[in-house]
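Be aware that the sequence shown starts at 0, since it is given in numbering that gives the first Met the number 0, and climbs by one per residue.
Think of the CB as a built atom: it goes at the ideal place given N, C-alpha and C, for glycine as much as any other residue.
Please read all numbers here as calculations on a predicted model, not as lab measurements.
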Amino acid sequence: MIDEVVFVRHGRTKYNLARRLQGQIDIPLDAVGRWQADMMAYELAHRYYWAKAAALSRGVGSSSVGMGAGSGDDSSCYRDLPVHSRVLRIVSSDLMRARQTAEALGTLLHVGVEVDARLRERSFGSWEGMTREEIKAMDPDAYRSWKDHTGGERAYGVEDRGHVGSRGADAMRSLVRADDTGRPGTLIVVGHGSWIVATIATLLGLSGTEVSSIGAMRNCHWSRMRPVHGGEGRLDWTLEEFNHGPATTEDWENGPGYLRVPGAPLWVPLDTAAGAA
Numbered sequence: 000m001i002d003e004v005v006f007v008r009h010g011r012t013k014y015n016l017a018r019r020l021q022g023q024i025d026i027p028l029d030a031v032g033r034w035q036a037d038m039m040a041y042e043l044a045h046r047y048y049w050a051k052a053a054a055l056s057r058g059v060g061s062s063s064v065g066m067g068a069g070s071g072d073d074s075s076c077y078r079d080l081p082v083h084s085r086v087l088r089i090v091s092s093d094l095m096r097a098r099q100t101a102e103a104l105g106t107l108l109h110v111g112v113e114v115d116a117r118l119r120e121r122s123f124g125s126w127e128g129m130t131r132e133e134i135k136a137m138d139p140d141a142y143r144s145w146k147d148h149t150g151g152e153r154a155y156g157v158e159d160r161g162h163v164g165s166r167g168a169d170a171m172r173s174l175v176r177a178d179d180t181g182r183p184g185t186l187i188v189v190g191h192g193s194w195i196v197a198t199i200a201t202l203l204g205l206s207g208t209e210v211s212s213i214g215a216m217r218n219c220h221w222s223r224m225r226p227v228h229g230g231e232g233r234l235d236w237t238l239e240e241f242n243h244g245p246a247t248t249e250d251w252e253n254g255p256g257y258l259r260v261p262g263a264p265l266w267v268p269l270d271t272a273a274g275a276a
């Protein structure tokens, strides 16, 4: 029975750096995004190391090297440990940036990554690939309506935010209810910023105007919810963590200096970018 759901946003891409709406364009991680994914994976691997121990007890990813070479049985030391008291699943959006992020964690924990298209990012229609400045210049009224959450973006084929939240929440309920292991478990879903925020808001029962009060998700940060199983299949949800990330002294959005091309633009917050314009 899944009693913990962790939402992880993918790492940085070149579109994130350029502040272009990605939507469902299939963009891979850039060098900083891969670093972010690894830092996230190292951090969450501390928390969920029991999942790797459980995999090793089944011989998944086992090797005799350094564990009594020649015996061919390095899983024996795990067999009597209580590592099977919980189960862990990793499910990713089918878009490459999410799959690459999920694989960073799955590789460390020896847990396979499942793919689910229902976790895709919000579709931004004909705005995909554009910056906010380009959208505003093309249609300032639609841009203003989008920022005010009054629906002007729908004229350009942008997916309604309520629909994003509904399909995300439906996917979460389906994944949680489909668990038939009989053991408590953790579900880690790797997806996208707008999708995660809309899904969490819907699960919490927030109205459309209340969604913005939650805030945004940074790259390779996570949020954690508890599904509470009630009678007749009812699920209630509580939010226990939001937008948490690895502790690091590095510039998270731009990564360590050795991953930056000299003279390349740096990611800056929207309000800072607007002030510098």
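Among the options, the one whose alpha carbon lies nearest that of residue i
i, options, result
"GLY229", "PHE241, ASP140, ARG172", "ARG172"
"TRP221", "GLY32, PRO255, MET39", "MET39"
"HIS45", "PRO245, ARG259, ARG225, LEU269", "PRO245"
"ASP2", "GLY256, GLU231, LEU203, ASP178", "ASP178"
"SER84", "TYR47, VAL114, THR106", "TYR47"
"MET216", "LEU202, LEU234, ASN242", "ASN242"
"THR130", "THR106, ARG176, GLN21, PRO261", "GLN21"
"VAL312", "LEU16, MET0, VAL5", "Since the displayed the chain opens at 0 and closes at 276, residue 312 lies outside it and no answer follows."
"ARG233", "MET224, ALA52, VAL175, ALA136", "VAL175"
"SER92", "GLN23, PRO261, VAL260", "GLN23"
"VAL260", "ASP29, ASP25, ALA52", "ASP29"
"LEU269", "GLU132, GLU158, GLU249", "GLU132"
"TRP194", "GLY58, GLU158, ASP147, GLY181", "GLU158"
Residue(s) in a DSSP beta bridge with residue i
i, result
"ILE89", "VAL112, ILE187"
"PHE6", "VAL188, SER222"
"VAL227", "ASP235"
"GLU240", "ARG223"
"ARG19", "THR130"
"LEU28", "THR12"
"ILE1", "GLY184"
8 Å CB neighbourhood of residue i in its chain, flanking five on each side removed
i, result
"ALA54", "GLY60, LEU108, HIS109, VAL110"
"ALA263", "none"
"PRO27", "THR12, MET95, ARG96, GLN99"
"SER56", "SER74, TYR77, ARG78, LEU80, VAL82, HIS83"
"VAL196", "VAL210, ILE213, GLY214, ALA215, MET216"
"ALA200", "GLY164, GLU209, VAL210, ILE213"
"TYR41", "LEU107, PRO245"
"GLU249", "PRO255"
"ASP147", "none"
Close Cβ partners of residue i (< 7 Å) along its chain, the five nearest in sequence each way excluded
i, result
"GLY65", "Any reading at GLY65 must be qualified, since the residue scores a pLDDT of 48, below 50, and its modelled position is unreliable; no value is offered."
"VAL31", "ARG11, ASN253, GLY254, LEU258"
"THR247", "MET38"
"ALA141", "GLY151, GLU152, ALA154, TYR155"
"ILE134", "TRP126, TYR142"
"ASP25", "LEU94, MET95"
Cβ-Cβ distance between residue i and residue j below 7 Å
i, j, result
"HIS9", "ALA97", "yes"
"TRP49", "VAL82", "yes"
"ILE89", "VAL112", "yes"
"GLY156", "GLY124", "yes"
"CYS219", "ALA101", "no"
"LEU87", "LEU43", "no"
"GLY128", "ARG225", "no"
"LEU205", "TRP236", "no"
Short CB-CB distance (under 7 Å) between residue i and chain D
i, result
"GLY111", "Going by chain labels, chain D is absent from the structure shown, which holds only one protein chain."
Beta-carbon contacts of residue i that lie in its chain and below 6 Å, excluding the five residues immediately before and after
i, result
"THR198", "GLY164, GLY167, ALA168"
"TRP251", "none"
"LEU265", "ASN253"
"ARG223", "VAL5, GLU239, GLU240"
"HIS191", "GLU120"
"VAL7", "VAL189, TRP221"
"GLY274", "Only weak support is given to the placement of GLY274: the predicted model assigns it a pLDDT of 34, under 50, and the value that follows is read from those uncertain coordinates. Around GLY274: no qualifying Cβ."
"TRP145", "GLY151, GLU152"
"LYS51", "LEU108, HIS109"
Are the stretch 115-123 and the stretch 84-99 touching, with three or more C-beta to C-beta distances below 8 Å? The way I'd put it, the stretch 115-123 does touch the stretch 84-99; three or more beta-carbon pairs between them come closer than 8 Å.
How about the stretch 204-214 and the stretch 171-191: do they share at least three Cβ pairs that are nearer than 8 Å? Cβ pair count under 8 Å is below three, so no.
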